Amino acid sequence: MKISRREFVEMSLASAAGLCAGGYATSTVAAEASTSLPEEDGYKLWLRYAPPGDAAKACRQTVQQIRVEGTSATSGIIRGELHSATSAMLGGNVPLNEKDLVGGTVVVGTPGNSALIRDFNWASAWGGVGDEGFIIRSTRIENKSVTVIAANTDIGALYGSFHFLRLMQTGQAIDKLDLAEHPALQLRLMNHWDNPGGTIERGYAGRSLWQWNELPGKISPRYADYARACASLGINGAVINNVNADSHILAADNLRKVAALADGWRPYGVRVYVSANFAAPVRVGGLKTADPLDKGVADWWKAKADEIYGLIPDFGGFLVKANSEGQPGPKTYGRTHADGANVLADALAPHNGKVMWRAFVYDDDIDPDRAKRAYIEFTKLDGKFRPNVVIQVKNGAIDFQPREPFHPLFGALKQTPVIAEIQATQEYLGQAKHLVYLGTMWKEFLDSDTHAKGSGSTVAKVLAGKIQPSHLTGMVSVANPGLDTNWCGHHFSQSNWYAFGRLAWNPELSAEKIAEEWTRLTFTNDDKAVAVLRNLMMGSRETFVNYTMPLGLHHLIGGDHYAPQPWNDRAPRADWTATYYHKAAADGIGFDRTKRGDHAVEQYFPPVCEMFDDITQCPEKYLLWFHRCAWDYQMKSGKILWDALCAKYQAGAKEVAVMQTAWQSLAGKIDARRHKEVADRLAIQAADAATWRDQILEYFGRFSKRAVPRSS
Ligand code: GCV
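Heads up, the sequence shown stops at 1917 in the numbering used here, and the numbers go up one at a time, no gaps.
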C-alpha cells in the first residue's frame, strides 16, 4: 500500500481528529492489540525473526529442513542462524543436517565444502558473484524441490543466508527464487569514534561497546552480537577507535586487545581496522620525529605493521585524520598528505593492508572558505598516492550538515581511489533524540550527478568505479551503536545503521525499499502499519531540515551541534561559528559561493557548476549555500525569501506534530515498551522543533526587520 506524503499528513491529521476510518483511527487499533504484543527492548535489532504472518504457511513448505555444509566457524554460525531463525519464524523445530535430503531442504554451501553444490553447472553465476556474493535458487536435487544458497566462500554463504532470512521475515515468496547478488563496493566499514576510556566522540547511545579494561582476557558476548548484526547487512569491517586517535592503540598490549576482537569477528567476515595517530612514532615509538620522509620513521611504521600482522593476519589497515582539527600530520613537517599516506601505505603493502586517508581537512591558509579547502589540497595531489591508499571523503564539503550539496571531490580525483564517509550517528541531526531516517539523505547524495564524465555520473557510480575505473571502492559510516540496550539510543536510529549497510552493499537501492524492509523486520509486517511507518521515516529528514536549516542554511549551531545557536559568533576558529556561514545582515542572508562571490561553484564539473551558479537554476534547497539573497528575493513560489523561510520553519515544527500523531495511531501495533520510548522522544523532538522555529525566526527577524507571517 503506497500513500503520498500529502496523503500521509492528511490521514494522520484526520486520524488525530478521529475522522479517518481507513486503519489509522487511533482508538480502534490501540484497543485491539495493546495487550497482545510482548514487550521488546530493541536489543534484537532487525534480527527479531518474528513469524511473518500469512506468509508463514507458504514458507513452511519451502523450509522443512536445513542442511549447512562445511566445518568452518562460519558454517557453524550459518547453521545456528538458519536453525534458530527458521524455527522461530515457523513456530517449531526445523530439523538441521539430517541424513536424508527431503523436499523443502535449504542447502547452504560452497563448491569447496559441498559435493551437492559442486555438481551444479552454474559456471556463469559463480564468476559474477565473486568472493562475497551469493546465489539463491529454487531448484531440484534427487528429484526433490530444494532451495540452494551457494557462494564461492563461506562469507558469501553467510551473506546469502541472511538475505534468505530477510526475504522470509519480510513476507516475500521464497518458493521460486533465482537471484544472484554481490556487493557494489569493496570496503563497507563502520567507523567508530570510540576512545579507549570508554567514551564515544559524538556517541549518543551510551559508552563504547569495547571493554578495553577487560580485553583480551574477557570477551563480551556483545562483540559477536555486533559482528552478527554487521554481517547480516554485508558490512565487512570496523575501524574500532576514534579518528582523533590515541596513539597508544598501537602499543603492544593494546594490539593484543585489538587482536582479540579480530579473532571473534573473523568468522563473521568483519575485519578490524585501526585509526592511527600520525605522531605515533614519537608518542609510542620514542622517536624524535614523525617526518614521513625520515628513514627511521618509515622503518618504525614497517616494524609496527609487521607486529600487527603477526597478531592479526587479516588486519584491514589504518584510517588517518591528519592535519585536521589539531591532529598531527605530514604538514607538521613540511610534507604533503601524499607523503604522509605513502609512508603508512608502504608499511602495510606487503601485508595487503590499506590506508584510508581522510580528506576532512580545512586549514584556513588554503582559502577563506572552509568548503573549498579539501578540494584545493587533494586535487593537487591526485596520482601521487600509493595504490593501497584511498581518500575518504565526507558526503559534503563542510561537515555532515542536515543538507549539503555533494562534495566536489567526488569525480574530481581521476587517479586516486575515493571512498565516501557518511555519518549514522546523528551529530547534527538531532542526535539520538530526534527521529530522522537518513536513507533519504544518503540517496540524495548517492544519486547526485557529478557530471564527471557526462550526464549520469552519479556519486554512486563514481564510488563503484563505474565512471573512472578504480581498484579500490567503498563507503564507510561513522557508527551509532553503543552500550545502550537498544544499541543506538533511539529505536529509529537503528534504521540508519541498517540503511548504511544496505546502501554500501548496493547504493542503487531505494531509500523507500530500505525503510520498508527495516520496518517489517524491526516492527511489524502489518501492511497498514508498515505504510504509516515507511512514510513517517521517508519524510523525517526533510522535516528535520525544515525546522533547523532549510533553503541551504548550514551550521546554525554551537559546540553541542544540537540546539539552535545562529548568534554563535565566538569560537576558537571563525569556521566553527554560525555567523561565518549565514552572514545574516540587513541586506540579506547566505554565503556567496558563485562566480561573483568566492568561486566555490567552480569546483564542480559543468553543467553542475553553472546550475549552482545561476540563481534561477540553483535548486532552492541549496539556495543560501551558494547565494546571498535579499530578504525580499522572489522565490519560485512567488513568496519573498523571508516569508518562504518562515514557512519552512513553521512547516517543520508542524510536521513533527504530524509524526507524533502517526506514531500514536500505531499504539497496539507496536509493543508497548518500544511504543512509549519512541513517543517520549517524539515529545522532545516536538519541543525542540518549536524552539528551533522560534529562536531562529526571532534571531533572523532582527536583520530582516519583518514580521513572521501567520502560519498557514
Ligand atoms: C572526530 C566534526 C566533529 C568532530 C569529529 C570531526 C571529524 O568536526 O564535530 O567531533 O572528530 O568532525 O570528522 O574528524
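Just so it is clear, CB atoms sit at the ideal spot from N, CA and C, and this is done for glycine as well. A quick note: this is a predicted structure, and the numbers were derived from the prediction, not measured.
Looking at the C-beta of D1305, does it have a partner C-beta in chain D at a distance below 7 angstroms?
Of the chains in the structure shown, none is chain D; there is only one protein chain.
Going by CA-CA distance only, name the one from I1360, S1660, V1560 that's closest to G1616.
S1660
Assigned secondary structure, Y1478 (DSSP; H/G/I helix, E/B strand, else coil)
strand
Using beta-carbon positions only, say whether S1909 and W1830 come within less than 7 angstroms of one another.
Contact: no.
Among residues of its own chain, excluding the 5 on either side of A1790, which ones have a beta-carbon nearer than 7 angstroms to its beta-carbon?
F1908
Between which residues of its own chain and I1283 is the CB-CB distance below 7 angstroms, once the five residues before and five after are set aside?
For I1283, where only same-chain residues beyond five positions count, the Cβ hits under 7 angstroms are V1273, V1313, A1362, L1363, S1366.
Would you kindly work out how many angstroms separate the C-alpha atoms of L1688 and R1412, rounded to a whole number?
Whole-angstrom Cα-Cα distance: 5 angstroms.
Top-ranked residue by Cα proximity to L1761, from A1503, F1523, Q1606
Q1606
I think Q1266 touches V1307, with their Cβ atoms under 8 angstroms apart; what is that distance to the nearest whole Å?
Actually they do not touch by this definition, with Cβ atoms about 12 angstroms apart.
Taking only runs that begin and end inside the segment 1253-1281, name each unbroken beta strand (DSSP E) of 3 or more residues, in chain order.
1270-1273
Of the residues E1747, V1863, H1804, the one placed nearest Y1580, counting alpha carbons only:
H1804
Among the candidates G1873, L1708, R1778, P1686, whose CA atom is the shortest distance from the CA of G1247?
P1686
From H1387, G1763, N1740, residue whose alpha carbon lies closest to that of R1775:
G1763
Flag this pair as touching only if the segment 1543-1558 and the segment 1493-1508 have three or more C-beta atom pairs under 8 angstroms; answer yes or no.
Taking one beta carbon from each stretch, the segment 1543-1558 and the segment 1493-1508 have 3 or more pairs nearer than 8 angstroms; the two touch.
Between the beta-carbon of W1398 and the beta-carbon of E1386, is there less than 7 angstroms?
no
Buried versus exposed call for A1226 [16 or more other C-beta atoms within 10 Å across all chains shown]:
Summary for A1226: the model assigns pLDDT 28, below 50, so the residue's position carries little reliability; its value from the coordinates is reported in the next sentence. So A1226 ends up on the exposed side.
Buried or exposed: where does H1612 fall if 16 or more other Cβ atoms within 10 Å of its Cβ makes it buried?
buried
Residue range of the beta strand (DSSP E) that N1396 falls in?
Where N1396 is concerned, the enclosing beta strand (DSSP E) starts and stops at 1392-1396.
Residue range of the unbroken alpha helix (DSSP H) whose run includes E1649:
1644-1651
Through-space distance from A1669 to V1299, alpha-carbon basis:
Distance from the CA atom of V1299 to the CA atom of A1669, rounded to whole angstroms, is 39 angstroms.
Close-in-space but distant-in-sequence residues of the same chain around V1681 (CB under 6 angstroms, 5 per side omitted)
L1394, N1396, E1626
How far does the beta strand (DSSP E) with M1680 in it extend, from its first residue to its last?
Where M1680 is concerned, the enclosing beta strand (DSSP E) stretches over 1679-1683.
Stretch-stretch touch, CB-based, cutoff 8 angstroms, three pairs: the segment 1847-1862 with the segment 1705-1714:
The answer is no - the segment 1705-1714 does not touch the segment 1847-1862, with fewer than three Cβ pairs under 8 angstroms.
Taking 6 angstroms as the cut-off, does the CB of F1565 come closer than this to any heavy atom belonging to the ligand GCV?
Yes, since a heavy atom of the ligand GCV falls inside the 6 angstroms radius drawn around the Cβ of F1565.
Per DSSP, G1553 is paired with what?
Per the sequence presented here, residue 1553 reads as Leu, with Gly not at that position. DSSP lists no partner for L1553.
Looking at G1439 and W1723, is the spacing between their C-beta atoms short of 7 angstroms?
Between W1723 and G1439, the CB-CB gap reaches or exceeds 7 angstroms.
CA-to-CA distance, Q1374 to P1257, given in whole angstroms
5 angstroms
Say yes only if the C-beta of K1526 is nearer than 6 angstroms to one or more non-hydrogen atoms of the ligand GCV, and no if none qualify.
yes
Could you please give me the residues that DSSP links to T1344 through a beta bridge?
DSSP output for T1344 lists V1351 as bridge partner(s).
Reduced DSSP secondary structure (H/G/I, E/B, other) of I1454
helix
A1236 in three-state terms, based on DSSP:
Low per-residue confidence applies at A1236: pLDDT is 35, beneath 50, and the placement is therefore not dependable enough to give any value.
Give a single yes or no on whether N1962 has its beta carbon closer than 6 angstroms to a heavy atom of the ligand GCV.
Residue 1962 is absent from the structure shown; the chain starts at 1206 and stops at 1917.
Any heavy atom of the ligand GCV within a distance shorter than 6 angstroms of the CB on N1449?
yes
Is T1398 near the ligand GCV, judged by its Cβ being under 6 angstroms from some heavy atom?
According to the sequence as given, residue 1398 is Trp; it is not Thr. It does: the Cβ of W1398 is within 6 angstroms (strictly closer) of some heavy atom of the ligand GCV.
Continuous alpha helix (DSSP H) stretch holding K1881: start and end
1877-1909
Expressed to the nearest angstrom, what Euclidean distance is found between the alpha-carbon atoms of H1556 and Y1514?
7 angstroms
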